[in-house]
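Enquirer: Under the UniProt record's numbering, the residue at position 75 of the sequence shown is numbered 75, and the numbers go up by one with no gaps.
Provided herewith is a single structure, encoded as structure tokens, for subsequent inquiry.
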Amino acid sequence: MVMGAATSLEDARTAAQTFEHPVGRGVDLQAEHERYLTGRHFGRPASVTGYPAAIEASYMRRNDDGRTVAAAGCPVPGIGEIIGGSRREGCLDVLERRIAELGMDSRQYGYYLDLRRYGTCRHAGFGLGFERPVMCLTGVDDIRDVIPHPRTVGNADS
């Protein structure tokens, strides 16, 4: 099942279910929304694309519509998103403009901007948390039960 983020939000918004986090346009999908969509609504994993640019990271490349980014997430029933990725912005001027739009301090991103300033290529990246696929394989409901080195109150620096 492939669906746009706007469709996902609309499906969650019209659900006969109350969510802890509000659902609406321009709001990011939360894990509870992803679990509802893949568990109760569709009953299978999904691929969500077209996330709103206004709420996504500065380094994500915008789609041609200018409102969404070239990104995808893959939520699965009972867990939520197990992998997410995006195409990265390669144009220095676009990246600098986006950093300014978000009110970020460009001095903190000098090294990253230099990567674009001195040449780049089309590229993308993704994140896959090892624990979430382990949850899928083992049927464990709580991610804390599969994390090799969990952080709990009082045992790790914040």
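Beta carbons are placed, not taken as given, at the ideal position from N, Cα and C, and that holds for glycine.
(1) With respect to the beta strand (DSSP E) encompassing Ala-72, which residues constitute its N-terminal and C-terminal limits?
(2) Between the stretch 116-132 and the stretch 80-99, do at least 3 Cβ pairs fall closer than 8 Å?
(3) Among the residues of its own chain, which have a CB less than 6 Å from the CB of Val-146, if the five just before and after it don't count?
(4) Grab the span of the beta strand (DSSP E) containing Arg-87 for me, first residue to last.
(5) Under the rule that 16 or more other beta-carbon atoms within 10 Å means buried, what is Ile-55, buried or exposed?
(6) Sort Thr-120, Ala-72, Asp-64, Ala-53 by Cα distance to Arg-98 and report the nearest one.
(7) Can you tell me where the alpha helix (DSSP H) with Gly-125 in it begins and where it stops?
(8) Do Val-76 and Thr-49 have their CB atoms nearer than 8 Å?
(9) Measure the C-alpha to C-alpha separation of Gly-78 and Arg-35 and round it to an integer number of angstroms.
(10) If you check the beta carbons only, do Tyr-59 and Leu-95 fall under 8 Å apart?
(11) Give the secondary structure of Thr-138 by DSSP, where H, G and I count as helix, E and B as strand, and everything else as coil.
(12) So the candidates are Glu-20, Asp-28, Phe-19, Arg-144; which of them puts its Cα closest to the Cα of Gly-4?
(13) Tell me whether Thr-68 sits in a helix, a strand or coil according to DSSP, three-state version.
Expert: Inspection of the coordinates gives the following:
(1) Residues 71-76.
(2) Put simply, the stretch 116-132 touches the stretch 80-99. At least three CB pairs are less than 8 Å apart.
(3) Within the same chain, Val-146 has close Cβ partners Glu-131, Val-134, Met-135, Val-140.
(4) 80-87
(5) exposed
(6) Ala-53
(7) Per DSSP, Gly-125 lies in no alpha helix (DSSP H); the unbroken beta strand (DSSP E) holding it starts and ends at 124-128.
(8) no
(9) 5 Å
(10) yes
(11) helix
(12) Ranked by Cα distance from Gly-4, the first of Glu-20, Asp-28, Phe-19, Arg-144 is Asp-28.
(13) strand
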